[in-house]
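First the structure, in the form of structure tokens, and then the observations on it.
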Amino acid sequence: MTGSTSGNSTSGEVNTVTVNGISYNDDAARSAPSTARLDTAGFDPDTLIAGLSPAELLAVQTAAEKRLSAEATRLLAAESDNGLLGLLDAREQTHRRAEVFDAALYVEISDRGVYRRAGHISTHQLYAHGARLGVGEARRRRVTAEGIGAMGALTGERLEPRLTATAAAVADGDAGGAHVAAVTEIMDKLPSAVTHDQRVKAEAMLADAARRLDPAAVTVVGNRILAWLDPDGTLADDTDRKRRRTLNLQPQNRQLMSKVRALLTPVLRAKLEVLLHQWATTGMNNPDDPDSPRGAADQPGLDPAVLAAAAERDTRTLGQRQHDALEALCDWALALAGQPAPTRIPSQVVVTVTDEDLARQAGIAWTATGTRMPVSDLVQFAADTVPYLAVFSKATGQVLYLGRASRFATAAQRLALFARDRGCTAPGCTVPFIRTQAHHMPDWTDDGQTDIDRLGGACGRHNRMNGTTPGHWESTVLTFGPDAGHVGWRPVGRGTPWQSNIMFHPERLAPDPARVPAAGEPTADTGPPDTTDSREDTDGPRGNTRMPDVSALREVIAAPDATGPPGEHQTARPFRIVHGHWVA
Numbered sequence: 063m064t065g066s067t068s069g070n071s072t073s074g075e076v077n078t079v080t081v082n083g084i085s086y087n088d089d090a091a092r093s094a095p096s097t098a099r100l101d102t103a104g105f106d107p108d109t110l111i112a113g114l115s116p117a118e119l120l121a122v123q124t125a126a127e128k129r130l131s132a133e134a135t136r137l138l139a140a141e142s143d144n145g146l147l148g149l150l151d152a153r154e155q156t157h158r159r160a161e162v163f164d165a166a167l168y169v170e171i172s173d174r175g176v177y178r179r180a181g182h183i184s185t186h187q188l189y190a191h192g193a194r195l196g197v198g199e200a201r202r203r204r205v206t207a208e209g210i211g212a213m214g215a216l217t218g219e220r221l222e223p224r225l226t227a228t229a230a231a232v233a234d235g236d237a238g239g240a241h242v243a244a245v246t247e248i249m250d251k252l253p254s255a256v257t258h259d260q261r262v263k264a265e266a267m268l269a270d271a272a273r274r275l276d277p278a279a280v281t282v283v284g285n286r287i288l289a290w291l292d293p294d295g296t297l298a299d300d301t302d303r304k305r306r307r308t309l310n311l312q313p314q315n316r317q318l319m320s321k322v323r324a325l326l327t328p329v330l331r332a333k334l335e336v337l338l339h340q341w342a343t344t345g346m347n348n349p350d351d352p353d354s355p356r357g358a359a360d361q362p363g364l365d366p367a368v369l370a371a372a373a374e375r376d377t378r379t380l381g382q383r384q385h386d387a388l389e390a391l392c393d394w395a396l397a398l399a400g401q402p403a404p405t406r407i408p409s410q411v412v413v414t415v416t417d418e419d420l421a422r423q424a425g426i427a428w429t430a431t432g433t434r435m436p437v438s439d440l441v442q443f444a445a446d447t448v449p450y451l452a453v454f455s456k457a458t459g460q461v462l463y464l465g466r467a468s469r470f471a472t473a474a475q476r477l478a479l480f481a482r483d484r485g486c487t488a489p490g491c492t493v494p495f496i497r498t499q500a501h502h503m504p505d506w507t508d509d510g511q512t513d514i515d516r517l518g519g520a521c522g523r524h525n526r527m528n529g530t531t532p533g534h535w536e537s538t539v540l541t542f543g544p545d546a547g548h549v550g551w552r553p554v555g556r557g558t559p560w561q562s563n564i565m566f567h568p569e570r571l572a573p574d575p576a577r578v579p580a581a582g583e584p585t586a587d588t589g590p591p592d593t594t595d596s597r598e599d600t601d602g603p604r605g606n607t608r609m610p611d612v613s614a615l616r617e618v619i620a621a622p623d624a625t626g627p628p629g630e631h632q633t634a635r636p637f638r639i640v641h642g643h644w645v646a
């Protein structure tokens, strides 16, 4: 947005802000020039829908939408130019007003815990995966509901919306969900020292701006308000800084590169600057120079002449040196990692890859944290630092390991589960395997056994949602159909098809033309047949849930010596063929 801005401030009080010639304050006129409304003289829609229930109102709306969609071209062709502009204005107002009902619906579902009846663990998951809106849109619905929804008090009464003036603008059809998000972002940035009256006044000004400007322009207005309320930045304190601290890895792009989004506290920044100053010194930790010193530039015993020579060969930019320094710090930290809890994978890098991709050094491998890595990079990486590299058959996609029973999953069992599951097995869940637990099927409290064919990766929330009563999920290892060998989930008592998680297995979306189900064979939709659990026959099959026999497993086990100097390369043992079982 371009245009002039101006404003006045006295002792932190909000007065007036002007953007492109429009002034915003509590007394500003709330009317703005707009396209003339549609001519609906003689038609009273309120009388038509009087007394209808919410379901009936939505049925009427659905019928109207169907007709508008089916006859859109013919109906619009008959409109005049002014009529089309009026339709645009009315249509957008309708979309914006719908945010009020959507927010109220979200709040009611959340307050009453209705999401549990659908087998979900949160309102967010119900919207993201149950309603198939996706994580981003589900988050937007939550932000809108928190801003303009009437939340419930502990006494049961409904409270005023947190953004009162913005809620009124949405109800009038003058602001939408994107405006609510912009207002919310600015209000969250207000320092805790700002008074209640100042907050109310600031929100009213933002709501007034939302009635006339697009969301990006509302952000401009909000930033001006922030500047006037806290012109020298002295109102922010440790409480504000702790509340807003964050560090997030963004999704990998098509080149498998990742951006980092962070807001660091002054203390963390100071610590990081000290580390980068020593580890990102020119000539240090250069992956393209085998003679480059590793570790910190001030470490005891480092020959200054060696560092000076490496610095002469170093052509990296500052950003590249800092990237390489962070990678070297990670190598050092991983080498020093302690022993994990019995239900966790070690604090080391674990990678899976198909034998075919490994042989041709092409394709993509997966790490336990959910990161994709080119196999060409993996081969070099594995030679130095990868403690476990499980290679499993491309033909079946089945992990090539059978574990032994114990109360907690052993490290070998956890590695085998990762090779099969790669992450949480619950449908639509994106939690990587490193943050999962070994999930028993049936549950341990229901006489479940810690055998590899009765375990699956599940994040903490989904693990707790497994049960036998309505509102819980049941799970099993599927034995037939396209999802055979993978964990299937479905809500208890609802009779819905078994669902598996393909978020970590995009290759399973490709059809297998060679796979033709036998006559009468159950599928993943119908689930496995009832089986008898023969626990006394420990060597024979237990029902139909035993994984296929394994043929071979290649493993790379590099045991980093944490006692060596920081940053020193560790030596990995060569590939070995292990038939039928895991060799520790």
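Each residue of the sequence shown is one higher than the one before, counting from 63 in the numbering used here. Ideal placement from N, C-alpha and C gives every residue a C-beta, glycine not left out.
With a cut-off of 8 Å on the beta carbons, I'd call residue i and residue j a contact; round off their distance for me.
i	j	result
HIS346	PRO355	Sequence inspection shows Met at residue 346; the His mentioned does not correspond to that position. Rounded, the Cβ-Cβ distance is 6 Å, consistent with contact.
GLY211	THR228	Incorrect: roughly 11 Å between the Cβ atoms, too far for contact.
ARG307	THR327	5 Å
GLN382	ALA359	In fact, because the Cβ distance is near 16 Å, the residues do not count as touching under 8 Å.
ARG158	GLY238	4 Å
ASP483	GLY518	6 Å
GLY529	ARG179	With a Cβ gap of about 14 Å, GLY529 and ARG179 do not count as contacting.
LEU291	LEU252	7 Å
VAL652	ALA272	Shown here, the chain extends from 63 to 646; a query on residue 652 therefore has no answer.
ARG556	CYS521	The Cβ separation is near 21 Å, so there is no contact.
ARG201	LEU318	25 Å between Cβ atoms; not a contact.
ILE514	ALA478	6 Å
Give the secondary structure of residue i by DSSP, where H, G and I count as helix, E and B as strand, and everything else as coil.
i	result
GLY209	helix
ASN144	helix
GLU247	helix
TRP535	strand
ARG224	coil
GLN561	strand
LEU130	helix
HIS241	helix
THR429	strand
GLN499	strand
ALA471	coil
GLY192	helix
VAL493	coil
LEU540	coil
ARG552	strand
ALA215	coil
ALA229	helix
PRO504	coil
PRO253	coil
ALA520	strand
GLY198	helix
ARG434	strand
Near residue i, which residues of its chain fall below 6 Å by C-beta distance, leaving aside the five closest residues on each side in sequence?
i	result
TYR168	ARG203 and ALA207
HIS182	LEU188 and GLY192
GLY235	GLN155, ARG158 and ARG159
ALA298	PRO253
ASN525	GLN499 and HIS501
ALA231	ALA237, ALA269, ALA272 and ARG273
Give me, in chain order, the residues of the same chain whose beta-carbon lies closer than 8 Å to that of residue i; leave out the 5 immediate sequence neighbours on both sides.
i	result
THR301	SER254
MET565	GLY485, GLY490, CYS491 and THR492
ILE171	TYR177, THR185 and LEU188
LEU137	LEU130
In chain order, what residues of the same chain lie with their CB nearer than 7 Å to the CB of residue i, ignoring the 5 residues before and after it?
i	result
ARG224	GLU208 and GLY209
ILE111	LEU119 and VAL122
PRO116	none
ARG129	none
SER93	Per-residue confidence for SER93 stands at a pLDDT of 42, beneath the threshold of 50, marking its modelled position as unreliable; the derived number appears in the next sentence. If we look at SER93 and ignore the five residues flanking it on each side, it has no Cβ neighbours.
LEU391	LEU337 and TRP341
ARG323	ASN310 and GLN312
ALA165	THR206, ALA207, ILE210 and GLY211
Sorry if obvious, but does the Cβ on residue i come closer than 7 Å to a heavy atom of the ligand COA?
i	result
PRO504	Absence of the ligand COA from the depicted structure is noted, as is the absence of any ligand whatsoever, leaving it without description.
TODO: Kindly provide the ranges of any alpha helix (DSSP H) runs that are 4 or more residues long and lie completely inside the region 332-402, ordered along the chain.
DONE: 366-375 and 380-397
Task: Runs of beta strand (DSSP E) lying entirely within the region 261-337, each at least 3 residues, in chain order - done: 308-311 and 322-325
Task: Contact the region 238-250 vs the region 276-283: 3+ CB pairs below 8 Å - done: yes
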